[in-house]
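The sequence shown maps to residues 1 to 674 in the UniProt record's numbering.
The beta carbon of each residue, even a glycine, is placed where N, CA and C say it ideally should be.
Heads up, the thing below is written out as structure tokens.
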Amino acid sequence: MEETEEYYDEDGPGNDEDENVQRARLSLASIFGEAEVLEVDETQQDESLLLANCGLSDETVAALGKRNIKALFPIQKHVFGPARAGRDLIGRARTGSGKTLAFALPVLENLLKENSQSPPQRGRSPRCIILAPTRELAKQVEKEFQESAPGLNVGCFYGGVDIGGQIRQLRSGVDVAVGTPGRVIDLINRNCLDLSLTRFVILDEADMMLSMGFSEDVEIILDSVPAERQTMLFSATMPSWVKNITRKHLKNPALVDLVGDAQSGKMPDAIKTMAVHVTQEARRSILVDLITVHALGGKCIVFTQTKREADEVAASLSLVHPCEALHGDISQAQREQVLKNFRNGKFTALVATDVAARGLDIPDVDLVVHYDLPRDTEAFLHRSGRTGRAGKTGSTIAVVLPRDRSYFRRMCAEIKLKDVEYISSPSPSAVMEASAKQVLRRLDNVDEKVIEFFAPAAKLVLERGDKHDAMCRALAALSGLIEVPKPRSLITQEVGLVTMRVMSRPGRITLPGHVMTIVRNVIGADGVTGLGRVRLLQDDRAGMEGAAFDVPQEIADKMMENVEELTKRGFELDMPISLPEEPFRGGGGGGGGRGGGRGGYGGARNQGGYGRSSGGYSSRGGGGGGYGGGGGGGGYGSRGGGSYGGGDRRSSYGGGRSGGGGGGSRGYSGGDSW
1 MEETEEYYDE DGPGNDEDEN VQRARLSLAS IFGEAEVLEV DETQQDESLL
51 LANCGLSDET VAALGKRNIK ALFPIQKHVF GPARAGRDLI GRARTGSGKT
101 LAFALPVLEN LLKENSQSPP QRGRSPRCII LAPTRELAKQ VEKEFQESAP
151 GLNVGCFYGG VDIGGQIRQL RSGVDVAVGT PGRVIDLINR NCLDLSLTRF
201 VILDEADMML SMGFSEDVEI ILDSVPAERQ TMLFSATMPS WVKNITRKHL
251 KNPALVDLVG DAQSGKMPDA IKTMAVHVTQ EARRSILVDL ITVHALGGKC
301 IVFTQTKREA DEVAASLSLV HPCEALHGDI SQAQREQVLK NFRNGKFTAL
351 VATDVAARGL DIPDVDLVVH YDLPRDTEAF LHRSGRTGRA GKTGSTIAVV
401 LPRDRSYFRR MCAEIKLKDV EYISSPSPSA VMEASAKQVL RRLDNVDEKV
451 IEFFAPAAKL VLERGDKHDA MCRALAALSG LIEVPKPRSL ITQEVGLVTM
501 RVMSRPGRIT LPGHVMTIVR NVIGADGVTG LGRVRLLQDD RAGMEGAAFD
551 VPQEIADKMM ENVEELTKRG FELDMPISLP EEPFRGGGGG GGGRGGGRGG
601 YGGARNQGGY GRSSGGYSSR GGGGGGYGGG GGGGGYGSRG GGSYGGGDRR
651 SSYGGGRSGG GGGGSRGYSG GDSW
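Pasting the structure below:
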């Protein structure tokens with residue numbers, strides 16, 4: 001069945017939503033009460049973390065050395081002691097902190113020691129079973145064990161592939177079995193997987209494994225394992241319900257907390273969070289520019305809510321960025337190939353549903369984009385955790401539709417995310433500059449065998465004339481930009497409009513109509529007809545007020561030709577690359593643009609909006625004083641309120657024409673402006 005996209009009303013998800021949406025994140029200390037909790041300082045850097053000082057066998061040190069691992073993360077060192085001593089254990093760590101190796105080390109050290117004392121037999125049953133929620137995570141755990149202990153026989157068992165090969169591997173004997181619950185139960189029921197000799201049980205991503213959706217499967221498997229065993233849970237988060245379920249399966253566990261109260265349920269410091277407000281219509285095209293500018297040719301994961309959207313977004317992105325989709329309808333073989341190619345840099349943008357949000361080991365992801373916001377904060381954190389891993393920094397961008405704004409604010413509040421940077425859609429110049437930088441990376445990736453096929457074309461290009469010009473053209477074509485991208489409004493994201501900004505001292509630009517006056521006086525009445533949406537602005541630090549407004553490119557060019565004249569009159573005019581998150585006041589009215597709907601230029605509700613059916617250029621005066629108003633509003637200056645003043649252009653804003661009389665009390669009087 002196709003996944004359905006989540007919609008949020010003004011009040012956000014209902015109170016009857018799953019507990020996952022509402023529950024608070026608790027530290028291990030608050031979850032397990034009296035239990036002793038070892039909180040690990042993740043920033044700790046001392047010689048005790050060096051492999052030579054961790055009490056590991058020479059065989060393990062040598063295997064880790066081949067992987068260029070010279071020291072352990074804090075959680076790995078502090079887990080190793082109690083785990084090797086045989087204690088049950090709960091370890092909490094953020095994604096990318098090394099928890100997989102943390103539970104692998106003590107187990108493989110025990111198994112290697114046993115194998116050295118008694119050679120392993122063919123057909124042996126596994127002494128360790130590791131359960132993982134996804135096939136991808138299971139394969140990553142298998143890889144971690146194989147690379148850390150090549151002498152052990154490790155098997156990985158998951159659905160979506162032929163079970164025959166897995167059965168044959170079990171018959172030959174394995175030391176460690178890694179698998180997903182469904183396939184593990186299937187093998188047990190077929191009497192192919194014997195867990196009677198299993199002494200180590202590990203649940204990876206424990207919060208997911210022990211949630212209501214997986215707990216029943218886990219219990220069936222645990223019933224097949226001897227009661228005398230060592231059980232370890234590892235997870236990036238520890239919701240409160242873990243306490244009740246783990247009480248059944250763990251005995252006096254050691255608790256290792258790499259997150260602590262201060263970081264519980266929070267975005268890691270290594271991840272920069274940004275958000276961009278977009279319209280539904282412009283969302284997909286803006287996504288392309290966001291990846292171009294903020295990923296800079298590096299790896300990027302885009303998360304969607306539905307499989308269909310993942311396919312459609314991937315198809316759209318692939319016109320500019322090498323891209324593939326990943327979701328539940330993709331076969332296991334294709335899924336593995338997609339992930340392999342992504343890791344190896346064969347393509348740079350992966351569009352995925354939440355199937356890829358947890359457990360995937362994809363190094364060096366530079367950017368995560370929430371094309372659709374997830375259903376809860378936990379998913380938001382796990383998605384974002386695909387970047388900023390293993391001591392590296394990363395960025396995440398939330399693409400926020402109008403209907404999701406209040407929900408996004410609540411989500412940020414829940415995870416105490418206060419430093420969100422609100423960005424605008426990238427400007428054409430920013431897109432071109434970023435594309436130029438990425439071309440250099442693409443040149444480095446060209447296979448030597450390909451070059452000879454382009455040698456004749458290169459010769460012809462160089463013979464055309466100026467070599468520098470020819471090189472620039474070739475690089476532009478390689479980037480995919482053969483013409484300057486069309487401008488896009490920073491206010492409405494409408495393509496073809498340029499957003500300009502005019503600022504002055506307080507009191508001079510307090511109404512959208514003031515912008516109209518400035519434009520008209522600079523380039524004449526023709527400029528007024530091209531004027532689009534207006535947003536009032538305030539710069540408290542500079543002590544200035546003003547407005548951002550949309551105009552076609554040709555009008556913007558004419559306005560910029562008169563910058564000096566405007567400067568003499570006390571106005572600052574420019575074309576900003578971004579705008580503040582919220583308008584100073586007023587701004588977009590009720591949603592209509594030029595000439596339509598309810599409001600456009602007007603301010604708050606019922607304050608007009610340069611459109612039909614409700615008011616016009618009035619300020620705080622209800623439906624009064626509309627510029628071309630209509631229903632209830634008044635034409636030029638009716639009801640005496642804030643109308644576009646007629647008569648001499650230098651007269652005050654509001655007076656006269658058709659009797660508006662006494663209108664603009666804060667207008668441009670006489671020599672104050674023009």
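Proximity below 8 Å, CB of residue i to CB of residue j
{"i": "L497", "j": "P552", "result": "yes"}
{"i": "D366", "j": "S395", "result": "yes"}
{"i": "D550", "j": "T499", "result": "yes"}
{"i": "L381", "j": "F408", "result": "no"}
{"i": "L137", "j": "E205", "result": "yes"}
{"i": "S48", "j": "S125", "result": "no"}
{"i": "D175", "j": "V141", "result": "no"}
{"i": "L536", "j": "A547", "result": "yes"}
{"i": "P253", "j": "R87", "result": "yes"}
Among the options, nearest to residue i - alpha-carbon criterion
{"i": "G159", "options": "E494, F200, R135 and T517", "result": "R135"}
{"i": "F571", "options": "L531, R508, V288 and H294", "result": "R508"}
{"i": "P506", "options": "G543, K346, L536 and P512", "result": "G543"}
{"i": "S172", "options": "C128, R183, R122 and F214", "result": "R122"}
{"i": "R386", "options": "R410, K416 and R343", "result": "R343"}
{"i": "A556", "options": "L537, P576, D539 and D540", "result": "P576"}
{"i": "L187", "options": "L51, C156 and M208", "result": "C156"}
{"i": "K70", "options": "S57, A83 and A52", "result": "A52"}
{"i": "K486", "options": "P426, K568, L105 and R535", "result": "P426"}
{"i": "T393", "options": "V528, V484 and K299", "result": "K299"}
{"i": "Q538", "options": "T529, E581, R520 and E554", "result": "E581"}
{"i": "E494", "options": "A83, Q280 and R84", "result": "Q280"}
{"i": "I415", "options": "P133, R403, E378 and R442", "result": "E378"}
Continuous beta strand (DSSP E) stretch holding residue i: start and end
{"i": "F407", "result": "The sequence shown places Tyr at residue 407, rather than the Phe named in the question. Looking at the DSSP string, Y407 is not in any beta strand (DSSP E); the run it does join, the alpha helix (DSSP H), is R405 to E414."}
{"i": "R308", "result": "Run containing R308: none in the beta strand (DSSP E); it sits in the alpha helix (DSSP H), K307 to L317."}
{"i": "E421", "result": "E421 to I423"}
{"i": "C192", "result": "Run containing C192: none; DSSP gives neither H nor E here."}
{"i": "H370", "result": "V365 to H370"}
{"i": "P552", "result": "M544 to P552"}
{"i": "R501", "result": "L497 to S504"}
{"i": "S395", "result": "G394 to V400"}
{"i": "E572", "result": "E572 to D574"}
{"i": "R488", "result": "First-last for R488: undefined, no H or E at that position."}
Whole-angstrom distance between residue j and residue i, CA atom to CA atom
{"i": "M267", "j": "C323", "result": "27 Å"}
{"i": "M274", "j": "R488", "result": "19 Å"}
{"i": "C54", "j": "G164", "result": "41 Å"}
{"i": "N445", "j": "V278", "result": "34 Å"}
{"i": "residue 688", "j": "V313", "result": "Any answer about residue 688 is impossible in this case: the structure gives the chain only from 1 up to 674."}
{"i": "N189", "j": "S479", "result": "55 Å"}
{"i": "S504", "j": "E336", "result": "58 Å"}
{"i": "K340", "j": "S429", "result": "34 Å"}
{"i": "Q334", "j": "H294", "result": "28 Å"}
{"i": "K459", "j": "E452", "result": "11 Å"}
{"i": "R383", "j": "T353", "result": "10 Å"}
{"i": "R473", "j": "D466", "result": "11 Å"}
{"i": "R191", "j": "I220", "result": "Just to set this straight, residue 191 is Asn in the shown sequence, not Arg. Computed Cα separation, rounded: 14 Å."}
Same chain, Cβ closer than 8 Å to residue i, five either side skipped, listed in chain order
{"i": "G462", "result": "Checking the displayed sequence, the identity of residue 462 turns out to be Leu instead of Gly. The answer, listed in chain order, is A470."}
{"i": "L317", "result": "L287, V288, I291, V302, C323, A349 and V351"}
{"i": "G391", "result": "A270"}
{"i": "A63", "result": "E147, S148, A149 and P150"}
Where the alpha helix (DSSP H) containing residue i begins and where it ends
{"i": "C300", "result": "Run containing C300: none in the alpha helix (DSSP H); it sits in the beta strand (DSSP E), K299 to F303."}
{"i": "I56", "result": "Going by the sequence as given, residue 56 is Leu instead of Ile. Segment: none, L56 is in no alpha helix (DSSP H) and carries neither H nor E."}
{"i": "D269", "result": "That residue, D269, is in no alpha helix (DSSP H); it is neither H nor E in DSSP."}
{"i": "S224", "result": "Per DSSP, S224 belongs to no alpha helix (DSSP H) and is neither H nor E."}
{"i": "R473", "result": "K467 to S479"}
{"i": "Q334", "result": "Q332 to R343"}
Closer than 8 Å to chain D by CB, residue i
{"i": "A295", "result": "You won't find chain D in this structure, because it holds only one protein chain."}
Own chain residues within Cβ distance below 7 Å of residue i, not counting five before or after
{"i": "G593", "result": "For G593, the predicted structure reports a pLDDT of 38, less than 50, and the residue's modelled location is therefore unreliable. The matter cannot be settled from this model."}
{"i": "residue 734", "result": "Any question about residue 734 goes unanswered here, given that the chain covers just 1 to 674."}
{"i": "R520", "result": "G527 and V528"}
{"i": "I185", "result": "D217, I220 and I221"}
Chain-order list of residues whose beta-carbon lies under 6 Å from that of residue i (same chain, five-residue window excluded)
{"i": "L573", "result": "V502, V563 and L566"}
{"i": "residue 694", "result": "In the structure as shown, the chain begins at 1 and stops at 674. Residue 694 is therefore absent and cannot be evaluated."}
{"i": "F200", "result": "V107, C128 and Q230"}
{"i": "L233", "result": "I90, L203 and A206"}
{"i": "Q438", "result": "G297"}
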